[in-house]
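Numbering (our numbering), first residue to last: -3 to 298.
Encoded structure:
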């Protein structure tokens, strides 16, 4: 199964403050973070804004999958599967109040906040059986369709410049009619152009942009497994950061840009690992006997 797309399986969100010991010193840093796990056997959204303090926000029977922090770190947007349909929800971490952002008969998932916190980009099949990318203005409620093609689009993420959205388009189908060859594209907030960034075998996916806006980290899936790659924002200088026998995916820069976290999959188990932004010093970051994956880090609050 391609786990780049929302899997309709039981998962839960847990947010923790995670310890990092840098390779060059004994100084400790703590990144507040969120990740998907089935370690509790339930579908819950946890937060922890202080080391070792966990708060269960949902504790329900529904599937929650995919989330994004607001730029101020005070709220989370996520997708919840209710009766086999994904809808978007926003939770205020100060008041613990939930707001459903849509209520219709189509799927919405893969939400990502804009750098100013006023918009959310997301994926939906509202206008096409193959997913398209949209933005939702949280102030006006206006929805703008960003992509409009006969291909499947996914994984939108805003550039820190607030002007561009990077995303994945699946270009081909294989002999089994499976959608393949995911490539990275960039567009503006109106979807007025669509420039291709990558052109390599396999499925590129789950992009994340460095805090300074100069690099993109992503995973490339081929021959039954994924590895992490990094490149310049224009698509040049592609470099592999992982190359082993396991499946490595869903990379995310830490807010200071020094490290990259990623999900490492071994059979039915998955754990969160961390490495320097150049791929050195790989080590376990969050691990348990169950699935721990898809880490999202709380933004650095200025």
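Each residue gets a CB set at the ideal place from its N, CA and C atoms; glycine is no exception.
- Residue pairing by DSSP places residue 227 opposite 212 in a beta bridge.
- Of the other Cβ atoms in all chains shown, 16 or more fall within 10 Å of the Cβ of residue 59; this residue is therefore buried.
- Linking residue 202 to residue 280 through their CA atoms gives a straight-line distance of about 20 Å.
- Judged by DSSP in its simplified three-state form, residue 28 adopts strand.
- Contact between the stretch 191 to 199 and the stretch 129 to 143 is absent, with fewer than three C-beta pairs closer than 8 Å.
- Residues of the same chain with a CB within less than 8 Å of the CB of residue 278, apart from the 5 flanking positions on each side, are 238, 269, 270, 271 in chain order.
- Just so you know, the alpha carbons of residue 122 and residue 129 end up roughly 10 Å apart.
- For residue 279, the enclosing beta strand (DSSP E) covers residues 279 to 282.
- In the displayed model, residue 236 falls within a strand according to three-state DSSP.
- Only residues of its own chain outside the window of five on either side were considered, and among them 215, 216, 236, 238, 239, 244 have a CB closer than 7 Å to the CB of residue 223, listed in chain order.
- Only residues of its own chain outside the window of five on either side were considered, and among them 204, 213, 256, 257, 258, 291, 292, 293 have a CB closer than 8 Å to the CB of residue 248, listed in chain order.
- Cβ-Cβ separation between residue 210 and residue 228: approximately 7 Å, consistent with a contact (criterion under 8 Å).
- Between the stretch 74 to 91 and the stretch 103 to 119, the count of C-beta pairs closer than 8 Å reaches three or more; the two stretches touch.
- Using a Cβ distance threshold of 8 Å, residue 181 and residue 111 do not count as a contacting pair.
- Non-local beta-carbon contacts of residue 55 in its own chain, meaning distances under 6 Å to residues more than five positions away in sequence, involve 40 in chain order.
- Taking 8 Å as the upper bound for CB-CB distance, residue 148 and residue 116 are not in contact here, some 20 Å apart.
- A distance below 7 Å between beta-carbons, with the five flanking residues on each side excluded, links residue 99 to the following residues of its chain, in chain order: 83.
- When C-alpha distances from residue 261 are compared across 284, 274, 297, 234, the shortest belongs to 284.
- Exclusion of the five residues before and after residue 287 leaves 7, 32, 33, 34, 35, 264, 265, 266 as the residues of its chain whose Cβ lies within less than 8 Å of its Cβ.
- Under the three-state reduction of DSSP output, residue 241 falls in the coil class, being neither helix nor strand.
- Residue environment for residue 186: exposed (fewer than 16 other C-beta atoms within 10 angstroms of its C-beta).
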